[in-house]
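*Asks:* So that we are looking at the same thing, I have put the structure below in structure tokens.
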Amino acid sequence: MRLRFKLGLLAILLGCSLGGGLALQAFTQQIAPSISNASTLFDPVHPTLKRTQIPLRLPTYLPQDLQIEANYEPPPIQAVFPEQPSNRGYKIVLGYSPTCSGGNACRLGTVAGHLKPAQSIESEYAWVRRYPGVKFPEPMQKVKLANDIEGWFIPWTCAANCSDAKVVWDEYSYRYSMGIKVGDRAALVKMANSAIEAGDP
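Each residue of the sequence shown is one higher than the one before, counting from 303 in this note's numbering.
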């Protein structure tokens, strides 16, 4: 799976180096279909999540990994806790293995919610705008989400490993994020909207 990911990423990076060629345009315009178990993915961990006082925002849409070869059937995505939820927040790794702690090879993405810090989203991720290395060509920008919520799209960056692209937003006293490894804005907005619409009151 690591090789497939690197080959797919290489194609994206070549598109970036060519100034956003046809291959990159196709990548950014296609919204991936949802993984098959998206609606039940969080059921096994829901009792544990309920221990936190953070209202849950769990997506019902999760984009398939478009970097996986068409004739390859990956293991089902599982919701994994790298650490136990607390009253300050929760973080869930969307992993191809029940032991995935967030590593690049086993991670599809992340879902998180925590108490809202004093720092704004724009300030927290200001480093992305200044990042000198390889990153998704679509810039960090505001996005409109369900229920008239304003969020931010945070593009992925790459060094030795690649980060998740994210959509991050604040609701009341909480900050939420949806991340997909080498993800794109359209799929992440759809993922965030599904979490908002299905969320706790």
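We treat Cβ as the ideally placed atom computed from N, Cα and C, and that holds for glycine.
May I ask you to verify whether the stretch 480-495 touches the stretch 462-470, counting CB pairs closer than 8 Å and requiring at least 3?
*Replies:* yes
*Asks:* Alpha carbon to alpha carbon, what distance is there between residue 365 and residue 381?
*Replies:* 14 Å
*Asks:* Quick one: Cα of residue 497 to Cα of residue 462, how far?
*Replies:* 31 Å
*Asks:* Assuming residue 489 contacts residue 333 (C-beta within less than 8 Å), just tell me the rounded distance between them.
*Replies:* 5 Å
*Asks:* Relative to the C-alpha of residue 409, which residue among 384, 442, 438, 492 is closest?
*Replies:* 384
*Asks:* Would residue 392 be called buried (16 or more neighbouring beta carbons within 10 Å of its own) or exposed?
*Replies:* buried
*Asks:* Looking at the secondary structure, which residues open and close the alpha helix (DSSP H) in which residue 412 lies?
*Replies:* Per DSSP, residue 412 belongs to no alpha helix (DSSP H); it is in the beta strand (DSSP E), 409-417.
*Asks:* Comparing alpha-carbon positions, which option in 450, 343, 335, 351 lies nearest residue 502?
*Replies:* Of the listed residues, the one whose Cα sits closest to residue 502 is 351.
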